[in-house]
Amino acid sequence: MSDSYDFIIVGGGSAGCVLAARLSENADVKVLLLEAGGRDWHPLYHLPAGFAKMTKGIGSWGWQTVPQKHMNNMVVRYTQAKVIGGGSSINAQIYTRGNALDYDEWRQRGCVGWGYEDVLPYFKKAEDNDTFNDRYHGQGGPLGVSKPVAPLPICEAYFKAAGELGIPRNYDMTGESQEGVGYYQLTQRHVRRSSTSTAYLGPIRGTRPNLKVRTDAQVLRIVVERGRAVGVELAGEGILLAGKEVLLSSGAIGSPRLLQLSGIGPADHLSDLGIDVVFDQPEVGSNLQDHMDLFVIAECTGPHTYDKYAKPQWSAIAGLQYLLTKTGPVASSLFETGGFWYADKNARSPDIQFHLGLGSGIEAGVETMKQGGVTLNSAYLRPRSRGSVRLASLDPSAAPLIDPNYWADPYDREMSIRGLKLAQEIMSQNALKPYVKAERLPGPKVKSDQEYFEYACSHAKTDHHPAGTCRMGPDDRAVVDNELRFNGISGLRVIDASIMPTVVSANTNATAIMIGEKGADLVRSAHGI
3 MSDSYDFIIV GGGSAGCVLA ARLSENADVK VLLLEAGGRD WHPLYHLPAG
53 FAKMTKGIGS WGWQTVPQKH MNNMVVRYTQ AKVIGGGSSI NAQIYTRGNA
103 LDYDEWRQRG CVGWGYEDVL PYFKKAEDND TFNDRYHGQG GPLGVSKPVA
153 PLPICEAYFK AAGELGIPRN YDMTGESQEG VGYYQLTQRH VRRSSTSTAY
203 LGPIRGTRPN LKVRTDAQVL RIVVERGRAV GVELAGEGIL LAGKEVLLSS
253 GAIGSPRLLQ LSGIGPADHL SDLGIDVVFD QPEVGSNLQD HMDLFVIAEC
303 TGPHTYDKYA KPQWSAIAGL QYLLTKTGPV ASSLFETGGF WYADKNARSP
353 DIQFHLGLGS GIEAGVETMK QGGVTLNSAY LRPRSRGSVR LASLDPSAAP
403 LIDPNYWADP YDREMSIRGL KLAQEIMSQN ALKPYVKAER LPGPKVKSDQ
453 EYFEYACSHA KTDHHPAGTC RMGPDDRAVV DNELRFNGIS GLRVIDASIM
503 PTVVSANTNA TAIMIGEKGA DLVRSAHGI
């Protein structure tokens, strides 16, 4: 046995850092934050364009999916953060919240307290927005939210091209309406990434004796005695005790993984691996949802994007430009332009999201155009397919079996391909002709449904938005209740993207931060702190 804490937070990611900062505001409460990854010391974690290196291994567990049986058994690289700040330290910094109807549907499913009007105050509480301060946005919060400082002329041409197809310009896609194309706001402050590490922990680091933050700290299991979570076992150190609660914030992959390693999950699966069953909860690791991405890459007529800066001499020039002026390629998240529209015209809200990539080959596994290119990603936002996270073995160092089960529902396949075709249409409009020489991927040879399917099975990737594996709900089968308490084990909550009943219709980082903010209030209310 070692030191005792009131709260032990497992996972220092988008939600975990929020929890640590908020709970430790009370000086009488002892909080321990444990993060398996290292510190965010490398400059690439803080430079906006550093995202281009993140999907290629920096700060990542290095995992991949199991073969996707509905997509010709393709295996997808599956970047999951392993660094303080979690996904907020390695993502493309895009600040979107999903659609208001996403949260209202949660409420309609019985998740009382999680409707749009319930969660909006927590989005605003987190925000320090450099552009908006209104019903939908806040200022003065920890999280920097900013407009892009390094857009290129091709972005405006993209807006005009979408307009030629009847897709309007939207100047605030997290405001009153989600529909349309525009510049995304970014989790940045002063042209540097604003992660939950820098935004929530940075200002208080070393100032709160009641908060201890440990990196490179691998939790092996949650310790449960007589139906109550009493602490965690830390690799190389033994058991650390939590006097009040263990708060699991390891993400939609990490949280169900650790629960199963702790003997909490589907009993049959655990028994087959030789793990003693502590609590049989079949839905731990089930209900996995993710946004799958299909993309168009076009060759440009000239240096209209940032591709040339991949060369060493241009990279040095870009670095100098950033140091002197805080502008240029290094100041760009490279995906700061996009929008929301419809694949299914009868959808209740936009069901396709676009990200315009200011280059080619930006992410791992994506091809680079020798003469420079531009990318338009499309993702179907409300997949009906459900996957799972399971253990490969009882070895805590082994990668989990991640199965998004993409396209298990044929509707997802149909909508995804419609979204890709819409992206192709946008890229072929007159407004982009001065910038776009020719579409290279999928290219003109891809015409039939089967050819689109084959293209997808060779080029699809994740949008890095896993959710749902510790589903919240009012029913007994749900993993957590509406206050994020684990059903069947006291002293344990799950507070991260895994609790989403359905994945939101956008990037998930802002929602995970909101869950951290609301989760902190639920914990404080329960303990009167």
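Every letter in the sequence shown is one number past the one before it in this note's numbering, and letter 301, counting from 1, is 303.
Ideal placement from N, C-alpha and C gives every residue a C-beta, glycine not left out.
Cβ-Cβ distance between residue i and residue j below 8 Å
i, j, result
"Phe-297", "His-461", "yes"
"Arg-171", "Val-183", "yes"
"Thr-339", "Ser-362", "no"
"Gln-187", "Val-147", "yes"
"Glu-129", "Gly-117", "no"
"Glu-301", "Lys-439", "yes"
"Phe-53", "Gln-95", "yes"
"Ala-22", "Ile-11", "yes"
"Glu-247", "Arg-495", "yes"
"Ser-507", "Arg-384", "yes"
"Leu-250", "Ser-395", "no"
"Leu-360", "Leu-167", "no"
"Gln-180", "Asn-131", "no"
"Gly-14", "Gly-64", "no"
"Pro-503", "Cys-113", "yes"
"Tyr-138", "Gly-165", "no"
"Cys-459", "Tyr-202", "no"
"Ile-531", "Asn-28", "yes"
N- and C-terminal bounds of the beta strand (DSSP E) containing residue i
i, result
"Val-286", "Where Val-286 is concerned, there is no enclosing beta strand (DSSP E), given that its DSSP letter is neither H nor E."
"Ala-244", "240–250"
"His-357", "354–359"
"Trp-108", "Unbroken run through Trp-108 is the alpha helix (DSSP H), 102–110; no beta strand (DSSP E)."
"Arg-392", "389–392"
"Asp-8", "6–12"
"Ser-273", "No beta strand (DSSP E) holds Ser-273; the alpha helix (DSSP H) holding it covers 269–274."
"Gly-184", "182–185"
Host alpha helix (DSSP H) of residue i (start-end)
i, result
"Arg-230", "Segment 230–236 is the beta strand (DSSP E) holding Arg-230; no alpha helix (DSSP H) there."
"Ile-404", "Taken as a continuous stretch (DSSP letters only), Ile-404 belongs to no alpha helix (DSSP H), being part of the beta strand (DSSP E) at 403–405."
"Asn-509", "Note, Asn-509: premise wrong, no alpha helix (DSSP H); not H, not E."
"Ala-458", "451–461"
"Cys-19", "18–25"
"Cys-302", "Not the alpha helix (DSSP H): Cys-302 falls in the beta strand (DSSP E), residues 294–302."
"Tyr-118", "118–128"
"Lys-55", "53–56"
"Ile-255", "253–263"
"Trp-343", "From DSSP, Trp-343 is part of no alpha helix (DSSP H) but of the beta strand (DSSP E) over 339–343."
Alpha carbon of residue i to alpha carbon of residue j, nearest angstrom
i, j, result
"Lys-423", "Thr-81", "26 Å"
"Met-3", "Ser-399", "Its pLDDT being 40, under 50, Met-3 is placed unreliably in this model, and the coordinates cannot settle the point."
"Ser-387", "Val-505", "11 Å"
"Pro-45", "Leu-325", "12 Å"
"Asp-477", "Pro-406", "24 Å"
"Glu-270", "Pro-436", "In the sequence as displayed, the identity of residue 270 is Asp instead of Glu. Between Asp-270 and Pro-436, the C-alpha separation is close to 60 Å."
"Ser-532", "His-529", "The structure shown does not extend to residue 532, since the chain spans only 3 to 531, so no value can be given for it."
"Gly-59", "Pro-402", "17 Å"
"Ala-163", "Gln-431", "5 Å"
"Met-474", "Pro-314", "48 Å"
"Glu-107", "Ser-450", "36 Å"
"Gly-374", "Leu-242", "53 Å"
"Leu-103", "Lys-372", "43 Å"
"Arg-195", "Arg-228", "44 Å"
"Val-525", "Ala-254", "20 Å"
"Ser-199", "Gly-89", "10 Å"
"Asp-523", "Ile-156", "43 Å"
"Leu-358", "Pro-69", "28 Å"
"Gln-291", "Asn-74", "19 Å"
"Tyr-311", "Leu-49", "15 Å"
"Tyr-97", "Asp-136", "16 Å"
Cβ shell of residue i (< 7 Å), same chain only, five flanking positions each side left out
i, result
"Asp-346", "Asp-353, Met-417"
"Val-280", "Val-226, Ser-264, Gly-265, Ile-266"
"Gly-321", "Val-332"
Residues near residue i by beta carbon distance below 6 Å, same chain, minus five either side
i, result
"Lys-214", "Leu-34"
"Met-294", "Tyr-408, Ala-462"
"Pro-595", "Lying outside 3 to 531, the shown extent of the chain, residue 595 is not represented and no answer is given."
"Arg-230", "Ser-492, Gly-493"
"Pro-268", "Pro-284"
"Asp-218", "Gly-40"
"Asn-509", "Ile-96, Thr-98"
heavy atom of the ligand FAD below 7 Å from residue i C-beta
i, result
"Pro-170", "Summarising the ligand content, the structure contains no ligands, and the ligand FAD is consequently not present."
Whole-number beta carbon distance between residue j and residue i, since they are thought to touch under 8 Å
i, j, result
"Gln-262", "Leu-272", "6 Å"
"Glu-519", "Lys-127", "6 Å"
"Asp-498", "Ser-252", "7 Å"
"Ala-51", "Ser-334", "6 Å"
"Ser-91", "Tyr-47", "5 Å"
"Gln-355", "Ala-381", "5 Å"
Contacts around residue i, its chain only, beta-carbon distance under 8 Å, and the 5 residues preceding and following it disregarded
i, result
"Arg-259", "Ser-252, Gly-287, Val-391, Leu-393, Pro-402"
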